[in-house]
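So in our numbering, the last spot in the sequence shown is 333, and the numbers never skip. Virtual Cβ for every residue (Gly too), placed ideally from N, Cα, C. None of these values were measured; they are calculated from a predicted model.
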Amino acid sequence: MEDINGVWNSYHDCVHGRTETDIVLDYLKNFVKMFQYKPHFSFTFMTRLTHDYLEGTYKADNIYLKFFKDMFESDKLKNTVVFFFSDHGMRFGNLRETFVGKLEERLPFMLIVFPPWFIKKYPDIHRNLQINARRLTTPFDIFATLEHILDFNGIEKKEIKQKRSLSLLHEIPEDRTCDDAGILPHWCTCSKIEKLNIQNKTVIKIGNTMVSKINQDLKDSFAVCEKLYLKSIKYALLVIPSDKVLRFKRTRKHVKDRKVIYGDHLKSLFGYQITVQTKPGDAVFEGTLRFDEKRKTYDLVGDVSRINKYGDQSHCIEQHHLKKLCYCKIQP
2 MEDINGVWNS YHDCVHGRTE TDIVLDYLKN FVKMFQYKPH FSFTFMTRLT HDYLEGTYKA
62 DNIYLKFFKD MFESDKLKNT VVFFFSDHGM RFGNLRETFV GKLEERLPFM LIVFPPWFIK
122 KYPDIHRNLQ INARRLTTPF DIFATLEHIL DFNGIEKKEI KQKRSLSLLH EIPEDRTCDD
182 AGILPHWCTC SKIEKLNIQN KTVIKIGNTM VSKINQDLKD SFAVCEKLYL KSIKYALLVI
242 PSDKVLRFKR TRKHVKDRKV IYGDHLKSLF GYQITVQTKP GDAVFEGTLR FDEKRKTYDL
302 VGDVSRINKY GDQSHCIEQH HLKKLCYCKI QP
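Encoded structure:
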């Protein structure tokens with residue numbers, strides 16, 4: 002149905018006279034009604050209105066308001082936990098190229114609603130949820146929370162080991178770090194940020210290093226893809242982890258009676274988050290590099306993000322991971 006032009010109106014937002022979002026939510030409503038008195042799980046994901054067009058968000062306001070109002074007022078959710086969330090913010094476009102856009106991409110919203118009776122019956126869990134709203138959490142924790150709900154017996158386990166996935170029904174440690182949570186430095190927002198001069202020689206060197214890393218990924222496709230060159234540096238940030246992260250050496254024991262051992266600062270943990278524009282094609286890439294003090298080199302941490310649209314620029318290549326990097330020698 003996706004490719005049948007006669008079905009869609011308003012740039013694929015609507016199927017005949019109804020929005021796709023409204024149709025999917027109506028299906029979800031019928032699903033919940035059908036299984037209201039039986040254990041059930043639904044994962045419903047909709048991206049049409051907002052994925053490529055931030056301003057489209059307003060179109061969904063009344064649709065979601067009506068859906069949740071109907072569901073709560075009809076008591077269809079009285080035994081249901083609702084997770085209402087986004088997987089990520091805008092990954093490309095003018096907003097994404099700003100500092101606020103960087104945070105938007107990395108900090109999508111997550112709303113969790115438990116039935117009122119559950120909150121009253123388990124006030125300690127309610128307290129934990131309120132505390133965790135201001136703690137470092139990830140989608141891995143949502144998975145652990147779902148597992149906890151499946152096995153929930155009303156008794157809270159006191160012993161929590163530091164690991165990547167933590168149930169939100171427990172209190173998340175206040176000193177949890179991005180490393181604890183399995184978040185790569187490029188995606189971590191818990192660091193001190195300093196804006197750097199884009200004309201600085203070190204910044205330019207880092208920019209060229211990142212472009213070289215991109216070309217390294219493209220080298221086997223140079224028959225059809227252009228070699229890329231640094232055109233300009235649009236943004237550069239020095240990412241400094243907290244003092245405790247810089248001095249952290251190890252811990253003894255887990256949460257109970259845990260002792261943290263600190264040492265000297267490790268400058269090698271400093272990261273450089275840089276946004277560059279390349280030629281040909283005017284692609285805008287963002288990446289985080291870290292200085293290796295022993296080898297005196299800048300190493301890319303994680304993947305490079307493409308933060309502007311590439312459209313048909315990479316039509317000549319099929320590998321998905323190279324689509325965002327390649328500028329085809331023959332353009333349509």
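Can you say whether Val82 is buried or exposed, counting buried as having 16 or more other CB atoms within 10 angstroms of its CB? Taking the first residue of the sequence shown as 1, we reach residue 82 at position 81. Using a 10 angstroms sphere on the CB of Val82, the tally of other CB atoms stays under 16, which defines it as exposed.
Close Cβ partners of Leu29 (< 7 Å) along its chain, the five nearest in sequence each way excluded: On the sequence shown, position 28 is the one that residue 29 refers to. Contacts found: Ser43, Thr45.
Of all the beta strand (DSSP E) runs that stay within the bounds of the region 76–140, which reach a length of 3 or more residues? You should have 83–86, 111–114.
Looking at the secondary structure, which residues open and close the beta strand (DSSP E) in which Val277 lies? If you number the sequence shown from 1, residue 277 lands on position 276. Residues 272–280.
Proximity to Ile215 [Cα-Cα], best of Ile205, Val204, Glu227: Numbered from its first residue, the sequence shown carries residue 215 at position 214. When only C-alpha atoms are compared, the closest one is Glu227.
Thr298 and His187 - do their beta-carbons sit closer together than 8 Å? What you label residue 187 is simply residue 186 of the sequence shown in a count that begins at 1. What you label residue 298 is simply residue 297 of the sequence shown in a count that begins at 1. In this structure, His187 lies away from Thr298, with their beta-carbon atoms at least 8 Å apart.
Less than 8 Å separating the beta-carbons of Gln278 and Lys330? In the sequence shown, counting from the first residue as 1, residue 278 sits at position 277. In the sequence shown, counting from the first residue as 1, residue 330 sits at position 329. At a Cβ-Cβ threshold of 8 Å, Gln278 and Lys330 do not count as neighbours.
From which residue to which residue does the alpha helix (DSSP H) around Tyr65 run? Counting from one through the sequence shown, the residue named residue 65 turns up at place 64. For Tyr65, the enclosing alpha helix (DSSP H) has its first and last residue at 59–74.
Three-pair Cβ contact test at 8 Å for the region 128–137 versus the region 67–84: Output reads no: the region 67–84 does not touch the region 128–137.
Cβ neighbours of Ile318 in the same chain (closer than 8 Å, five flanking residues each side left out): Along the sequence shown, read from residue 1 onward, the residue named residue 318 stands at position 317. So the qualifying residues of the chain are Ser222, Val225, Cys226, Lys324, Cys327, Cys329.
Would Gly208 be called buried (16 or more neighbouring beta carbons within 10 Å of its own) or exposed? In the sequence shown, the residue the question calls residue 208 occupies position 207. Buried: at least 16 other Cβ atoms inside 10 Å.
Can you list, in chain order, the residues of its chain with a C-beta nearer than 7 Å to that of Leu219? Leave out the 5 residues immediately preceding and following it. Working through the sequence shown from its first residue, we reach residue 219 at position 218. Shown here for Leu219: same chain residues with a beta carbon closer than 7 Å to its own, the five before and five after excluded, namely Cys226, Leu323, Leu326, Cys327 in chain order.
Helix, strand or coil: how does DSSP classify Arg259 here? Locating residue 259 in the sequence shown gives position 258, counting from the first residue. A caution first: Arg259 carries a pLDDT of 42, below 50, which makes its placement in the model unreliable, though a value can still be read off. Reduced to three states, the DSSP call for Arg259 is coil.
Endpoints, alpha helix (DSSP H) assigned at Phe286: Within the sequence shown, the letter at position 285 stands for residue 286. No alpha helix (DSSP H) contains Phe286, which is instead part of the beta strand (DSSP E) from 285–293.
Consult DSSP for Lys34 and reduce its assignment to one of helix, strand or coil. Position 33 of the sequence shown, counted from the start, is the residue given in the question as residue 34. The three-state reading of DSSP puts Lys34 in helix, counting H, G and I together.
Would you list the one or two residues that DSSP bridges to Leu239? For the purposes of this step, residue 239 is taken as the residue at position 238 of the sequence shown. In the DSSP output, where bridge partners are listed per residue, Leu239 has Glu195, Tyr273.
How close, in whole Å, do the beta carbons of Phe141 and Ser166 come, if the pair is a contact with beta carbons under 8 Å? Along the sequence shown, one-based indexing puts residue 141 at 140. Along the sequence shown, one-based indexing puts residue 166 at 165. About 4 Å separates the two Cβ atoms, so the contact holds.
Can you give me the C-alpha to C-alpha distance between Asn195 and Thr276, rounded to a whole angstrom? Taking the sequence shown and counting its residues from 1, one reaches residue 195 at position 194. Taking the sequence shown and counting its residues from 1, one reaches residue 276 at position 275. In the sequence on display, residue 195 carries Glu and not Asn. Rounded to whole angstroms, Glu195 to Thr276 spans 14 Å at the Cα level.
Separation of Pro40 from Arg19, as counted between CA atoms: Taking the first residue of the sequence shown as position 1, residue 19 is located at position 18. Taking the first residue of the sequence shown as position 1, residue 40 is located at position 39. Those two C-alpha atoms are separated by around 30 Å.
In this structure, how does DSSP classify Val302 when only helix, strand and coil are distinguished? One-based indexing of the sequence shown puts residue 302 at position 301. Strand, per DSSP.
Cβ neighbours of Met72 in the same chain (closer than 8 Å, five flanking residues each side left out): To locate residue 72, count along the sequence shown from 1; it is residue 71. Cβ neighbours of Met72 within its own chain (closer than 8 Å, five residues either side excluded): Lys30, Val33, Leu78.
Looking at the structure shown, is Ile331 part of a helix, part of a strand, or coil, going by DSSP? Position 330 of the sequence shown, counted from the first residue, corresponds to residue 331. Of the three classes helix, strand and coil, the one that applies to Ile331 here is coil, per DSSP.
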